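In full-length UniProt numbering, the protein residues as written are 1 to 267.
Okay, structure first, notes after.
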Amino acid sequence: MSYNKTASITAETINPKVKIFDYEPCGEIARHAERLEQEMEKSPGSRPFPEITYCNLGNPQALGQRPITFFREVLSLCDNPALLRRDETRMLFSPCAINRARKIIESMPGRNSGAYTNSQGIRSLREAVASGIAARDGFPSRPEDIFLTDGASSAINLSMQILIRSQEDGVLCPLPEYPLYSASIILHGGTMVPYNLSEDGDWGLEIFEVKRCLEEARIAGLTVRAMVIINPGNPTGQVLSVTNQEEIVEFCRKEGLVMLADEVCTW
1 MSYNKTASIT
11 AETINPKVKI
21 FDYEPCGEIA
31 RHAERLEQEM
41 EKSPGSRPFP
51 EITYCNLGNP
61 QALGQRPITF
71 FREVLSLCDN
81 PALLRRDETR
91 MLFSPCAINR
101 ARKIIESMPG
111 RNSGAYTNSQ
121 GIRSLREAVA
131 SGIAARDGFP
141 SRPEDIFLTD
151 GASSAINLSM
161 QILIRSQEDG
171 VLCPLPEYPL
181 YSASIILHGG
191 TMVPYNLSED
201 GDWGLEIFEV
211 KRCLEEARIA
221 GLTVRAMVII
231 NPGNPTGQVL
241 SVTNQEEIVE
251 FCRKEGLVML
261 ADEVCTW
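Okay, here's the thing in structure tokens:
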């Protein structure tokens, strides 16, 4: 019996959208840095510098930033509930973390963090998020309208899956931008509609520039379905004024755009 030794999948046979997918933080510069690092491990002193500092990602804990203790304590207790029954736990964990972990565990299916949850996330956690939004923004929020994801990247990809139907669907994105947006739009078969932030205006967002880009995209035959706003900016670091944010909300309402507000750098 003979077997076909041709590879089942090659660079020529994969999804063509993947081949044009470009996620710059993990691009050629980052790969070259990894090669240099491996070279330095094999041959210490081979380069005129002792180590490489990676600045291609917003990765502060890799550079020594201390994590928020509360989050880690709660997660540790949720993943190992047996710790809650040990006397020494009260000396190692804060009372707030212990109480919060107990509440979360009680709301988990089977009181076990290894169990599948509702696809939108644990109900009690969504209720807490809804209460937090209402308290912060003064706007009523329902847990039924909230989806919890494992990081922002999952939320971005889920949004693009929902919004993009074909290459004729466009999404407004800022330049400079966090490149996951442009890459995700391409991967899901849509078209990125870039709008420039104002370098002279401390990388602020100017509505007339966004409107110009929107009108040009519509003239070109695109159906622009959403607008991405990154605040605080990534990689620019600017923070939009309250007035500017109100202008953006009104603009999206008037133009019928889904507003994708990326506020992850707030943390």
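Idealized CB from N, CA, C, for every residue including glycine.
Because the structure is a prediction, the values reported are computed rather than measured.
Positions of the beta strand (DSSP E) runs, each at least 3 residues long and wholly inside the segment 165 to 224, are given as 169 to 175, 191 to 196 in order along the chain. I133 and D145 have their C-alpha atoms some 12 Å from each other. Here A62 carries a helix assignment [DSSP, helix/strand/coil].
Within the same chain, I52 come within 6 Å of A33 by CB-CB distance, once the 5 residues on both sides are set aside.
In the structure shown, I146 falls within a coil segment according to DSSP collapsed to helix, strand and coil. Annotation note: the segment 92 to 127 contains the following uninterrupted alpha helix (DSSP H) runs of length 4 or greater, listed N- to C-terminal: 95 to 107. In the structure shown, the three-state DSSP call for D87 is coil. Bridge pairing for I162: absent [DSSP]. Scanning I164, V239, L197, E199 for the CA closest to the CA of G190 turns up I164. The C-beta separation of R212 from V258 comes to about 20 Å, leaving the pair out of contact by the 8 Å criterion. Cα atoms of I9 and N15: separation of roughly 10 Å, rounded to the nearest angstrom. In its chain, beyond the 5 residues on either side, A97, R100, A101, I104 have a beta carbon closer than 8 Å to the beta carbon of V74. Inclusion of V228 and Y181 in the CB contact set at 8 Å is warranted, their separation being smaller than that value.
DSSP places I14 in the coil class of the three-state scheme, outside both helix and strand. When C-alpha distances from Q245 are compared across A7, A261, P235, L84, the shortest belongs to A261.
Note on D150: under 16 other CB atoms within 10 angstroms of its CB, so exposed under the neighbour-count rule.
It is roughly 32 Å from the alpha-carbon of S113 to the alpha-carbon of N231. Judged by beta-carbon spacing, R123 lies within the 8 Å limit of P143, meaning their Cβ atoms are closer than that value. Judged by DSSP secondary structure, L260 falls within the beta strand (DSSP E) whose first and last residues are 258 to 262.
Boundaries cannot be given for I52, as no alpha helix (DSSP H) includes it and DSSP labels it neither H nor E. Take T223, set aside five residues on each side of it, and the residues of its chain with a beta-carbon closer than 8 Å to its own are E168, D169, G170, in chain order. A residue is called buried when at least 16 other Cβ atoms come within 10 angstroms of its Cβ; N234 meets this threshold and is buried. The alpha carbon of A82 has as its nearest neighbour, out of F251, R111, S166, the alpha carbon of R111. Under the three-state reduction of DSSP output, V239 falls in the coil class, being neither helix nor strand. A check of alpha carbon separations from A220 across S46, M192, P179, L57 identifies M192 as the nearest. Residue pairing from DSSP leaves V74 without any beta-bridge partner. If the five residues before and after A115 are omitted, its C-beta is found closer than 7 Å to the C-beta atoms of M108, P109, all from its own chain and listed in chain order.
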